[in-house]
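Here the structure comes first, spelled out in structure tokens, and everything after it is commentary.
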Amino acid sequence: MLDWQKDAVVYQIYPKSFCDSNGDGIGDLRGIISKIPYLKALGINTVWLSPCYPSPGDDNGYDISDYCDIAPEYGTLDDFKELLGKLHENGIRLLMDLVVNHTSDEHAWFQESRQSRDNPYRDYYIWRDPVDGHEPNGWQAAFGGPAWEWDEKTQQYYLHLFSKKQPDLNWDNPVVRQEIADMVNFWLDMGVDGFRCDVINNISKDLSAPGCGYGPHLHEYLHELYERAFQPHGALTVGETWGLTPQQTLALTGEARGELTMSFQFEHLLLGRVGGDKFRRCPVDRTEFVNILAKWEVGLKDDGYPVLVMENHDQPRALSRFGDSAYPYESATMLAVLLYGMRGVPFIYQGQELGLSNPVFRSLSEYRDIETINAYHEMRAEFTEEELLPMMNFGSRDNSRVPMPWSEEANGGFTSGTSWIQCAVDPARTVAAEEKDPRSVLHFYRRLLALRRENDCLRRGEFALLHNEDGTVLYQNTLGARKTLVACRFADSEAALPDGVPENAALLLSNYEDADTTAALRSYEARIFEVC
Ligand code: TEU
Ligand code: CA
Numbered sequence: 001m002l003d004w005q006k007d008a009v010v011y012q013i014y015p016k017s018f019c020d021s022n023g024d025g026i027g028d029l030r031g032i033i034s035k036i037p038y039l040k041a042l043g044i045n046t047v048w049l050s051p052c053y054p055s056p057g058d059d060n061g062y063d064i065s066d067y068c069d070i071a072p073e074y075g076t077l078d079d080f081k082e083l084l085g086k087l088h089e090n091g092i093r094l095l096m097d098l099v100v101n102h103t104s105d106e107h108a109w110f111q112e113s114r115q116s117r118d119n120p121y122r123d124y125y126i127w128r129d130p131v132d133g134h135e136p137n138g139w140q141a142a143f144g145g146p147a148w149e150w151d152e153k154t155q156q157y158y159l160h161l162f163s164k165k166q167p168d169l170n171w172d173n174p175v176v177r178q179e180i181a182d183m184v185n186f187w188l189d190m191g192v193d194g195f196r197c198d199v200i201n202n203i204s205k206d207l208s209a210p211g212c213g214y215g216p217h218l219h220e221y222l223h224e225l226y227e228r229a230f231q232p233h234g235a236l237t238v239g240e241t242w243g244l245t246p247q248q249t250l251a252l253t254g255e256a257r258g259e260l261t262m263s264f265q266f267e268h269l270l271l272g273r274v275g276g277d278k279f280r281r282c283p284v285d286r287t288e289f290v291n292i293l294a295k296w297e298v299g300l301k302d303d304g305y306p307v308l309v310m311e312n313h314d315q316p317r318a319l320s321r322f323g324d325s326a327y328p329y330e331s332a333t334m335l336a337v338l339l340y341g342m343r344g345v346p347f348i349y350q351g352q353e354l355g356l357s358n359p360v361f362r363s364l365s366e367y368r369d370i371e372t373i374n375a376y377h378e379m380r381a382e383f384t385e386e387e388l389l390p391m392m393n394f395g396s397r398d399n400s401r402v403p404m405p406w407s408e409e410a411n412g413g414f415t416s417g418t419s420w421i422q423c424a425v426d427p428a429r430t431v432a433a434e435e436k437d438p439r440s441v442l443h444f445y446r447r448l449l450a451l452r453r454e455n456d457c458l459r460r461g462e463f464a465l466l467h468n469e470d471g472t473v474l475y476q477n478t479l480g481a482r483k484t485l486v487a488c489r490f491a492d493s494e495a496a497l498p499d500g501v502p503e504n505a506a507l508l509l510s511n512y513e514d515a516d517t518t519a520a521l522r523s524y525e526a527r528i529f530e531v532c
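Per the numbering used here, residue 1 is the first one in the sequence shown, and the count goes up by one each step.
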């Protein structure tokens, strides 16, 4: 792993909701260009851009109809090159979203593929005959219903793990693998620095298995792509891999593997949901939350690099799930210290640095996300509308997809037109308001990131959990002779600082103004120390 990859601090931009430059209600690349000074001031050094390729928008761009262009609503390829150049001038690298498990059904490859069984593109996708008159296996699609769609014209089913407008590519076809390597090289040759790899552990499939997730050729296909494209360009790749163990993650990201640079772990984000169902809320076990983070730190200690994440465009706001609405500033900043005090690469999702919480959706008509809308209709059999709305408000992906609130102006300064989705603006939580307030989550994020930049023990030191009981957490990072300690109160009450913080420890950062090295921790207090 290269040094800059270890020291990356990534900011995820969801282009549709970041900044609209031309008043059509949709964020765009020129809007992002106008906010580069903001990104720089925050202290990030890498941007991950969610898909901005041409797409019919069935899944907000995760259904791509042309891999080598920019969607007209986001701008042009020239705008993209300008964005890339200006980010680089400002010392910021750019990761694109690589969505190659599936394409849109409107991609030219699928348009050909569905023409006939002997079309040259037929085997770009996964077509199967019925088995006993029904679907080839029992797999379910993530957005509801079976993962197989019947095609009248050619009398076969095609596989789609997501919506039926997202047919899965056939990675067992070597021609497909070469097409993808060529496309990846197209972007890397342009100067892009790497990729976030969408549902990448699904690319190899064993159709006889009970589900999809870690197919027989996964390592082989990734290694091939690494050799053909990632490695020659020194690209940073981050896998989106749900449900893997630390051991499986090491098998994908270990230094000698030649596959991915690193991979997300989301295990802590499954807490507070009944049986992992994103629409059913239950209390979060905070001790378990910390134990999971610690498990991954330790599991990836020798041959991997942790990815530190608590929000993205698929997740409701962390403050609404793991924080405390009675202590929004304290709990949002404590969560940031708890997570980003650890060894690894921080990922920050747009608006997280403002301490945003979930907006309120008043009816189904305010939602745009295919997953939420489909789930609502499916769950309508079991629940009333009155019961369903709070469930959707809790779990919907649209919680994090409402536009970035820049100011108190109309639509939070996101657009001068009509936004594609509601703008839920809390006047106290806009970029403009937080910039003016020294005690804002935004200022705290800037300080925390500045501290990580200057303190390599904090960002790279080996992790050890010292204490995690009754809402009080203490862990240390060690790098050579240096040591940092992170103490957090993950509860709305005071408690003694756990043993292990020496009196002469230097306090580097705290989310309470009058913090004192050894005093008891107050509600959601967080402190970072250096021990000499
Ligand atoms: O998400 C994959 C994924 O498994 C989930 O996080 C997904 O959001 C859904 O909740 C499954 O129930 C990735 C992208 O991040 C997501 O936005 C896309 O919709 C999906 O892949 C398909 O490309
Ligand atoms: Ca626009």
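We put the CB at the ideal spot given by N, CA and C, even for glycine.
Which same chain residues, not among the five before or five after residue i, have their C-beta less than 7 Å away from its C-beta?
i, result
"residue 83", "29, 32 and 33"
"residue 113", "119, 121, 122, 124 and 125"
"residue 181", "225, 228 and 229"
"residue 14", "50, 313, 350 and 401"
"residue 471", "286, 489, 490, 491 and 495"
"residue 303", "250, 254 and 255"
"residue 150", "157"
"residue 291", "468"
"residue 7", "459"
Would a C-beta distance cut-off of 8 Å place residue i and residue j closer than the cut-off?
i, j, result
"residue 529", "residue 508", "yes"
"residue 36", "residue 10", "no"
"residue 423", "residue 438", "no"
"residue 370", "residue 59", "yes"
"residue 463", "residue 19", "no"
"residue 242", "residue 266", "yes"
"residue 2", "residue 100", "no"
"residue 300", "residue 246", "yes"
"residue 144", "residue 375", "yes"
"residue 177", "residue 214", "no"
"residue 207", "residue 146", "no"
"residue 342", "residue 361", "no"
Can you give the beta carbon distance from residue i to residue j, rounded, assuming they're within the 8 Å contact cut?
i, j, result
"residue 407", "residue 432", "4 Å"
"residue 253", "residue 261", "7 Å"
"residue 533", "residue 24", "There is simply no residue 533 to check, as the chain begins at 1 and stops at 532 in what is shown."
"residue 306", "residue 344", "3 Å"
"residue 139", "residue 211", "6 Å"
"residue 495", "residue 511", "The pair is not a contact, with the Cβ atoms about 16 Å apart (cut-off 8 Å)."
"residue 442", "residue 434", "4 Å"
"residue 56", "residue 66", "No, residue 56 and residue 66 are not in contact; Cβ-Cβ is about 11 Å, not under 8 Å."
"residue 92", "residue 161", "About 33 Å separates the two Cβ atoms, so there is no contact after all."
"residue 498", "residue 487", "7 Å"
"residue 337", "residue 448", "7 Å"
"residue 236", "residue 194", "3 Å"
"residue 355", "residue 332", "4 Å"
"residue 264", "residue 238", "7 Å"
Please list, in chain order, all residues of the same chain as residue i whose beta carbon is under 8 Å from its beta carbon, the five residues on each side excluded.
i, result
"residue 373", "364 and 367"
"residue 492", "324, 326, 327, 523 and 524"
"residue 310", "268, 269, 318, 322, 335, 339 and 352"
"residue 110", "103, 104, 121, 124, 125 and 167"
"residue 219", "251, 252, 257 and 259"
"residue 538", "Outside the modelled stretch of the chain, which goes from 1 to 532, sits residue 538, for which no answer is possible."
At a cut-off of 7 Å, would you count residue i as near ligand 1, judging by its Cβ distance to the nearest heavy atom?
i, result
"residue 313", "yes"
"residue 397", "yes"
"residue 198", "yes"
"residue 536", "The displayed coordinates of the chain run from 1 to 532. Any statement about residue 536 would go beyond what the structure contains."
"residue 195", "no"
"residue 125", "no"
"residue 240", "yes"
"residue 309", "no"
"residue 432", "no"
"residue 14", "no"
"residue 18", "no"
"residue 59", "yes"
"residue 142", "yes"
"residue 62", "yes"
"residue 99", "yes"
"residue 162", "yes"
I'd like the list of long-range same chain contacts for residue i, defined as Cβ closer than 6 Å, with 5 residues on each side in sequence excluded.
i, result
"residue 416", "23"
"residue 465", "294 and 475"
"residue 457", "477, 479, 482 and 484"
"residue 320", "357 and 358"
"residue 384", "none"
Is residue i close to ligand 2? I mean its beta-carbon at under 7 Å from any heavy atom of the ligand.
i, result
"residue 26", "yes"
"residue 21", "yes"
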